[in-house]
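Numbering (UniProt numbering), first residue to last: 1 to 119.
Here you go:
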């Protein structure tokens, strides 16, 4: 997935501006990052698998954009740009899961007994 897009052309949202409920969130981090900690209700498709698995997004509500998140915002920017160029309505989440955690948004992990974290 080689997409080059000017940052000015890419729809971007700050975590603090995202709704608390009803957010359509796509996490494009790798499996270990997801397992360590992610937003409840997010859909997980690693960026490298997105072109092959993009059909899974048709199950998401289509009345709002897909907010794309990674660790810090780089991978999600590329994924959001690719989705937009492929006909989806996608928005990059600036600052990624790091900003999500700093804003005190809820997180869950896949390891019982271990607090979720962003790696």
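For every residue, glycine included, the Cβ atom is placed at its ideal position computed from N, Cα and C. What you are looking at is a predicted structure, and each value in this text was computed from that prediction instead of being measured.
Excluding five sequence neighbours on each side, which residues of the same chain lie with their C-beta closer than 6 angstroms to the C-beta of residue i?
i, result
"residue 26", "43, 66 and 68"
"residue 9", "none"
"residue 83", "90"
Given a threshold of 16 other Cβ atoms within 10 Å of its Cβ, counted over all protein chains shown, does residue i qualify as buried or as exposed?
i, result
"residue 33", "buried"
"residue 38", "buried"
"residue 73", "buried"
"residue 94", "buried"
Would you check if the distance between the CB atom of residue i and the CB atom of residue j is smaller than 7 angstroms?
i, j, result
"residue 47", "residue 75", "yes"
Take residue i as the anchor and find which of the options has the nearest alpha-carbon.
i, options, result
"residue 100", "10, 14 and 9", "14"
Those runs of the alpha helix (DSSP H) which lie wholly inside the stretch 9-38 and span at least 4 residues: For the stretch 9-38, the full-length alpha helix (DSSP H) segments reaching 4 residues or more read 31-36 along the chain.
Considering only residues of the stretch 28-88, which uninterrupted beta strand (DSSP E) runs meet the minimum length of 3 residues and lie entirely inside it, listed in chain order? Whole beta strand (DSSP E) segments, 3+ residues: 66-69.
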